[in-house]
Each structure stands twice: as structure tokens, then as C-alpha cells.
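> Take 211 as the starting number for the sequence shown in the numbering used here and just add one per residue.
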Amino acid sequence: MLAGLLILTLDDMSCRTCNQIVYFSTINFTQASRVIRRQVGQGQGGTFEKALPIHYSNLALYEPEVDGPIKTCWRYNEAGKHVRISKVTGKPMPVPQPYLKKPEPGPAGPKDSFMNEVQDVTYKPIQMTFEKYMQKAQMARRQASVGGRVDKTILHASRRNYF
Numbered sequence: 211m212l213a214g215l216l217i218l219t220l221d222d223m224s225c226r227t228c229n230q231i232v233y234f235s236t237i238n239f240t241q242a243s244r245v246i247r248r249q250v251g252q253g254q255g256g257t258f259e260k261a262l263p264i265h266y267s268n269l270a271l272y273e274p275e276v277d278g279p280i281k282t283c284w285r286y287n288e289a290g291k292h293v294r295i296s297k298v299t300g301k302p303m304p305v306p307q308p309y310l311k312k313p314e315p316g317p318a319g320p321k322d323s324f325m326n327e328v329q330d331v332t333y334k335p336i337q338m339t340f341e342k343y344m345q346k347a348q349m350a351r352r353q354a355s356v357g358g359r360v361d362k363t364i365l366h367a368s369r370r371n372y373f
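1. Can you grab the Cα-Cα spacing for the pair Ile295 / Glu275, in whole Å?
2. Straight-line CA distance for Ser323 to Lys334?
3. So for Ala270, helix, strand or coil by DSSP?
4. Bridge partners of Met303, per DSSP?
5. How many Å lie between Lys342 and Gln329 at the Cα?
6. Determine, using beta carbons only, whether Lys260 and Cys283 come nearer to each other than 7 Å.
7. Could you compute how far the alpha carbon of Arg226 sits from the alpha carbon of Pro304?
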């Protein structure tokens, strides 16, 4: 048995303890080996203990075939899919479904902007090549120096020192 490892079973993600290690629902803690004591304030009764998290490399999965903890690694299978594999048996290990699906974006709130509104206000596409755009910008710059009427968007781009 691997000493100092947290053992998780795959069927219901329940826990077995090994060398005073306990699995909590969201964070992994040890009971004795990784505890710090902090002094809070001046006076008596200000010291408290806080358990520190376990490093992910000290976690192990429970394999019923071996009847004990095993280490795993990630490899690519023949189909090119990234899978978790047992280092002891060499078989693929299933990953729980909640960890596989990506989070969905929440509903739009009252302060959210819709994409079409944002593009109407801030995005104005120009249907020409960069060279044509720069030629128009140079012409706009010349017209502005003479005092003629100029397209403001082209003039603004010509002041960015592209040429």
C-alpha cells in the first residue's frame, strides 16, 4: 500500500483513509502532518490550528482489481484521445462526468450588452485592402493640410504613423 496517499474509489467517489489522511467534499486535508498553528492578536486563546491542503501528487485512486491505491498518468490512446491510465494495470481509468463537461455560460443579465448592439456602436468594418486604405489615408491627410472636406475615420487612421 502506498504510504501517505489519499485513496478515492471510482464507483461512488467515497473515501478510504490511509495513514491519517481524510478526504473532505471539496478540499483534501491531512489530520496531523500538514497543520499550522497561528497566533491571532495579543493575549490568551488566540492560537488556532489550520489544516493545509495536500498536493495533487499525493492523491491516489482505488483500484478494485489491485485492491489498493494506484497512481495514474495521462496518455493518448490509439484513437488520439487523451485518457487517464493506471500505472499498475495499464488500463484506462474512467473520469467522472462532472469533470468532463464544460461550464455553460449563464443567462444574460440586465447589465449585459448583446453582441449586435456592441458591434453597431463600436465596430465599423472597412471593405478594402490595407494598401487601398493607406492610399485613402494619405489623400485624406493631403486634403486636410489644404483645408478640404475629409472623411474623419480615414484621417484618424492616417495620424497613426503607418507610413
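C-beta: ideal position from N, C-alpha, C; glycine also.
Well, looking at it:
1. Within the sequence shown, numbered from 1, the residue matching residue 295 stands at position 85. Within the sequence shown, numbered from 1, the residue matching residue 275 stands at position 65. Taking the straight line from one Cα to the other gives about 14 Å.
2. By one-based count along the sequence shown, residue 323 stands at place 113. By one-based count along the sequence shown, residue 334 stands at place 124. The alpha-carbon atoms of Ser323 and Lys334 are separated by roughly 17 Å.
3. Position 60 of the sequence shown, counting from 1, holds the residue named residue 270. DSSP places Ala270 in strand when its eight states are reduced to three.
4. Numbered from its first residue, the sequence shown carries residue 303 at position 93. Note: Met303 sits in a beta bridge opposite Arg294.
5. Sequence index remark: in the sequence shown, residue 342 carries index 132 (1-based). Sequence index remark: in the sequence shown, residue 329 carries index 119 (1-based). Cα to Cα, Lys342 sits roughly 24 Å from Gln329.
6. The count along the sequence shown starts at 1 and reaches residue 260 at position 50. The count along the sequence shown starts at 1 and reaches residue 283 at position 73. Going by C-beta atoms, Lys260 is not nearer than 7 Å to Cys283.
7. Here residue 226 refers to the residue found at position 16 when the sequence shown is read from its first residue. Here residue 304 refers to the residue found at position 94 when the sequence shown is read from its first residue. Here the model assigns Arg226 a pLDDT of 46, short of 50, so the residue's position is not dependable, and the following value carries that caveat. Answer to the nearest angstrom: the Cα atoms are 19 Å apart.
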